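Residue 397, in my numbering, is where the sequence shown stops; the numbers in between run on with no holes.
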Amino acid sequence: MQRFTIPRDVYFGDNAIEHLKSVKGTKAMLVIGSERLIKDGTVPRIQELLKEANIETAVFSGIENDPSVATVRRGGEAMKEFNPDLIIGIGGGSPIDAAKAMWIFYEYPEFTFEEAAKPFNLPELRQKARFIAIPTTSGTGSEVTSFSVITDHETGVKYPIADYNVTPDVAIVDTNLVQSMTSTLVANTGMDALTHAFEAYVSKVRNPITDALAMKSIEMTVDNLVNSFKGEEQARKNMHIAQCLAGMAFSNAILGIVHSMSHKTGKIFNIPHGCANAIYLPHAMQFNAKTAGADYADIAKRLGVKGTTTDELVQSLVQLVKDFRVAMNMPTTLKEFGISEENFKSNLDEIAKNAVADPCTGRNPREISVEEMKKLFEATYYGTEVNF
């Protein structure tokens, strides 16, 4: 038996945040990253809509990239003091992930991160509050997923939380909220979304529902990402929907070694998550093609890229991903990103071992050893082809 879980309600399209006027509750804690969303009017607009619903609001700001255990603990304390019955995560993946974790510790203050990191081990949430997610970037899909990743910045330990309990009750995917994204952010988040869809489509635990969502997301991303990068309004709206579909797919089909590699190098190499995915994805596809070639070929055929054999179709699909990076001025290797050879080599053993141990690796279509992972990382550093 398989399971498919997404938020009970997904409101999407222009002015979707208008739904907030009709939500039920008395107090809402808004969780955001920087105060940019206050200055640009997004948060005041949300507060105004909630006020129409007779809901009092408070704002917890300052969520950093790779949200920390300390920040989550502070947020939990702020919620305990304010006592909200609604928690609303607003922004990119970091504030939404942080808000999910705060929700856990608001409802269960004595719970530990070690317990939370055990897959599907959370106590029943919604004892005190319901959760609404409002993404303002187009990539993470966190508004529809059952995941949250929190980092202990003192020890470097990451706590990946995976539990259907933290799937938001409501996702509001307002396509007007992404028009001010920088082109760099569009590129990084867009390649993150594309990676989500690709990895979901070849996952060991994929199913017909996740396949449908992943494939539609891929088609929309291929049609819209570069134009979104160039600032085209409708393309940005389309990408916001595409990334949400990818989120639904990977939340249920899980991911693969591209994310395993990104998870273990983001902090060490100080590389944005989506940028890392863009570097790793073509090489991982070449590695996975030995067992997932037919699946990649299926994507290629649906996209209409050239090729008659499986190998030709896979090569064309890999080239399509590479072409996206070039079109959006993204680095193509870790070396080009600016990581010194000394830094890369001194960390290679550790990142390879940790990437193989990452939870996403278990759902990758092809098994990988630590030695193979080292060779894969070397290919992504030097830009060599993967033929092993």
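Where is the CB? At the ideal position from N, CA and C, for every residue including glycine.
Given the structure is predicted, the values throughout are model-derived calculations rather than measurements.
By the 16-neighbour rule on beta-carbons within 10 angstroms, Thr35 is exposed. Excluding its 5 nearest sequence neighbours in each direction, Gln252 has C-beta neighbours in its own chain below 6 Å: Ser147, Gly148, Gly150 and Ala202, listed in chain order. Rounded to whole angstroms, the gap between the alpha carbons of Ser189 and Met111 is 28 Å. For Pro144, the number of other beta carbons within 10 angstroms of its own is at least 16, and it is reported as buried. Annotation: Ile277 to Ala206 spans about 26 Å, alpha carbon to alpha carbon.
In this structure, DSSP gives Ser325 a helical state, which the three-state scheme calls helix. Contact annotation: Ala138 and Ile96 have beta-carbon atoms nearer than 9 Å. Going by DSSP, Arg139 is part of the beta strand (DSSP E) stretching over Arg139 to Pro144. Going by DSSP, Thr274 is part of the alpha helix (DSSP H) stretching over Ile266 to Thr274.
Annotated three-state conformation of Glu241 is coil, per DSSP.
No residue range can be given for Ile41, since it is assigned to no beta strand (DSSP E) and is classified by DSSP as neither H nor E.
Residue range Val379 to Tyr391 is occupied by the alpha helix (DSSP H) that includes Glu381. Nearest to Gln295 by alpha-carbon distance, out of Ala364, Val182, Ala244 and Pro374, is Pro374. For Thr341 and Asn63, the gap between their C-alpha atoms comes out near 50 Å. Per DSSP, Ser157 lies in no alpha helix (DSSP H) segment; the continuous beta strand (DSSP E) that holds it begins and ends at Phe156 to Thr160.
Taking Lys273 as the centre and dropping the five residues before and after it, the same chain places the C-beta of Ile360, Asn363, Ala364 and Asp367 closer than 7 Å to its C-beta, in chain order. Where Ala25 is concerned, there is no enclosing alpha helix (DSSP H), because DSSP gives it neither an H nor an E. For Tyr117, no beta strand (DSSP E) encloses it, and the DSSP letter there is neither H nor E. Boundaries around Val182 are those of the beta strand (DSSP E), Val179 to Asp183, since no alpha helix (DSSP H) includes it. The beta carbons of Leu194 and His249 sit no closer together than 9 Å.
Sequence-distant partners of Met339 (beyond 5 residues in either direction) whose C-beta falls short of 6 Å from its own C-beta, in its chain, are Ala196 and Ala287.
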